[in-house]
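Structure first, then comments.
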Amino acid sequence: MKKKIKSVLISVFDKTGLEELLSLFKDNKTDIYSTGGTWDYLKENGLNAIKVEDITKFPSMLDGRVKTLHPAVFGGILAKREEDHLRQLKEHGFPEIDMVIVDLYPFEKTVSITDDYNEIIEKIDIGGISLIRAAAKNYKDVVIVPSRDYYKEITEILKGSHMQTTEKERKNFAKSAFSVSMHYDTIIYKYFSQDDFPVITKKILQKNALRYGENSHQTGYYYGDLDSVFTKLNGKELSYNNLVDIDAAISLMSDLPVKEPSFAVLKHTNPCGVAAGTTLTEAWEKALESDPLSAFGGILISNYPIDINTALKIDEIFYEVLIAPDYADGVLRFLSKKKNRIILKMNNFKPEKNIFKSILSGILVQDADSTESITEDYNVVTELKPNDAELQDLIFANTIVKHLKSNAIALVKNKQLIGIGCGQTSRVEATRQSIDKARRLNLELSGAVLASDAFFPFPDSIELASDAGIKAIIQPGGSVNDSVCIDFCNKNGVSMIVTGIRHFRH
């Protein structure tokens, strides 16, 4: 059922973008009720608003803490447009209020910029949040605009409908109102609890439907703001699997401890090709050489802008997504000739502080594995120390193995991933898999290094590596057989670094 907006209550902190909506009210002679600073703003813009005090017959009091909390205001909002409720409004001389526009005090921003108790407490909105909930509850008759983020949306609706809203539209605004209320209260809770409670409610405000979930028979959604992370320059709609792989790719490239041009190829979130080079083209060719078969249909990411020479090379294979900080002149036009190819330009990526996983009808939460790559504080536990080149490869390999599914092994030589073993149920099998893969691809193992995501329970994996020509290993340590593993290394000319940090990934 359509409802015409004849009256509106406006109480907003942020007035940016309100001008066009106010013009509609002025042109349609809408009755406007307002408070404090908002009333002053409306008057400055030529609108004859009615002060809330004029209908409550009470002044703003307690330093502005009490302005709208009165039956004259909430009665007009909560009244059903039915005979009995309307009769009661008339008896008390309370006006009907058809629309409520609110923008809450910026509590979240305030706690981020000051520790001043009084300033923070005064930014806990009471009247505004009450107005939002009341109008949302009565959505069948009242439309609620719960923040400045919705000024434009309601303006477009009213412009195209002669100041009318449908029940479906009002219900959608009510849903958004309770989302705003939920997030606002969550931030306040976090302030009072003074703990590391992870706040995810803001992401819930931004729901994006996906083509489907992990498989075509599953429904999928993304909650959050993708535009803040990257700009999509070309290609089909991003899928659930695309987003999971993109997140893995960006996380890996953000962790990679190199300044030179680098490329990575991922498949099902696992790095299958990673390399650094003196040029971006060289880095791409080395990353592709790591596993050209798995690169087909993969996710590609670079830490340098894509130049035309590199673009010509990567155009020779089929891939799902390309991610880079920028693209040289003419490159985007060249790569966009394939309409479904997804091309993304990185904007800003802030690694998540918390990881969530839904299990057993509940949610697991943990800190993200955000440890820095080892540099100076590594612990060489063997008689033989790795040389400078081996040390750089060990750091490179240790970063990669952190991003592989456990049990995981990564083999690296000259900052090129040459073999992986991942998702295995035993460490020795992951080691065997990584060595076999390097051999099948004719990649030289002699002089390579090995990284393990967790300790070696026995020296069998180290023996396999040593027999293959690997002479430097990095691992967390912590096994009851650490001394046995170290003795084997000392007897066979293998250097080993123990980091004390495990990198399980399930």
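At position 54 of the sequence shown (counting the first as 1) the number is 1230 in my numbering, and the numbers step up by one without a gap.
Where is the CB? At the ideal position from N, CA and C, for every residue including glycine.
Given the structure is predicted, the values throughout are model-derived calculations rather than measurements.
Query                                                                                                         : Result
Distance between beta carbons of L1386 and V1276, contact taken as under 8 Å                                  : Their Cβ separation, rounded to whole angstroms, is 33 Å, which puts V1276 and L1386 out of contact at 8 Å.
Reduced DSSP category for D1207 - H, G, I as helix; E, B as strand; rest coil                                 : strand
Alpha-carbon to alpha-carbon, D1239 and I1231                                                                 : 19 Å
Whole-angstrom distance between P1282 and K1581, CA atom to CA atom                                           : 42 Å
Host alpha helix (DSSP H) of L1511 (start-end)                                                                : 1507-1511
Where P1247 falls: helix, strand or coil (DSSP)                                                               : helix
Closest Cα partner of I1484 within the set L1218, S1512, G1193, S1352                                         : S1512
G1213 classed as buried or exposed, judged by whether at least 16 other C-beta atoms fall within 10 angstroms : exposed
Continuous alpha helix (DSSP H) assignments of at least 4 residues falling wholly in the region 1462-1511     : 1484-1490, 1507-1511
Residue range of the unbroken alpha helix (DSSP H) whose run includes N1668                                   : 1658-1668
Beta-carbon gap between T1244 and L1198 smaller than 9 Å                                                      : no
At least 3 beta-carbon pairs within less than 8 Å: the region 1405-1420 vs the region 1552-1569               : no
Helix, strand or coil at F1532 [DSSP, three-state]                                                            : strand
Three or more C-beta pairs below 8 Å linking the region 1497-1505 and the region 1471-1480                    : yes
Environment of D1317 [buried if 16+ CB atoms lie within 10 Å]                                                 : buried
9 Å Cβ cutoff met for V1242 and G1303                                                                         : yes
Which of helix, strand or coil DSSP assigns to A1630                                                          : coil
Inter-residue Cα distance where the pair is E1229 and Y1327                                                   : 25 Å
Bounding residues of the beta strand (DSSP E) (the contiguous stretch that carries I1445)                     : Correcting the residue identity first, residue 1445 is Thr in this sequence and not Ile. T1445 -> no beta strand (DSSP E), and no H or E assigned at all.
Counted within 10 angstroms of its Cβ, other Cβ atoms place Y1399 as buried (16 or more) or exposed           : exposed
G1251 versus L1508: straight-line alpha-carbon distance, rounded                                              : 58 Å
Contact between the region 1410-1423 and the region 1464-1472 (3+ Cβ pairs under 8 Å)                         : no
Spatial distance of L1428 from L1567 (CA atoms)                                                               : 19 Å
Residue from M1237, A1641, F1632, A1648 whose Cα sits closest to the Cα of G1654                              : F1632
Straight-line gap, A1451 to A1648 (C-alpha atoms, nearest Å)                                                  : 19 Å
Three-way DSSP call (helix, strand, coil) for K1313 in this model                                             : helix
Neighbourhood of D1279 by C-beta, 6 Å cutoff - its chain only, sequence neighbours within 5 removed           : V1188, F1189, D1190, S1323, R1324
Buried or exposed (CB count within 10 angstroms, at least 16 for buried), A1424                               : buried
Cα-Cα separation between V1604 and S1610, rounded to whole angstroms                                          : 10 Å
Extent of the continuous beta strand (DSSP E) to which Y1398 belongs                                          : 1397-1399
G1411, DSSP secondary structure in three states                                                               : coil
Cβ contact check for the region 1616-1624 and the region 1664-1677: 3 or more pairs under 8 Å                 : no
Proximity of V1441 and G1474 at Cβ, strictly below 9 Å                                                        : yes
Counted within 10 angstroms of its Cβ, other Cβ atoms place I1297 as buried (16 or more) or exposed           : exposed
Proximal residues to Y1315 (C-beta, below 8 Å), its chain only, five neighbours per side dropped              : E1343, R1346, K1347, F1349, A1350
Where D1578 falls, given that 16 or more other Cβ within 10 Å makes a residue buried                          : It is Lys, not Asp, that sits at residue 1578 in the sequence shown. K1578 should be labelled buried.
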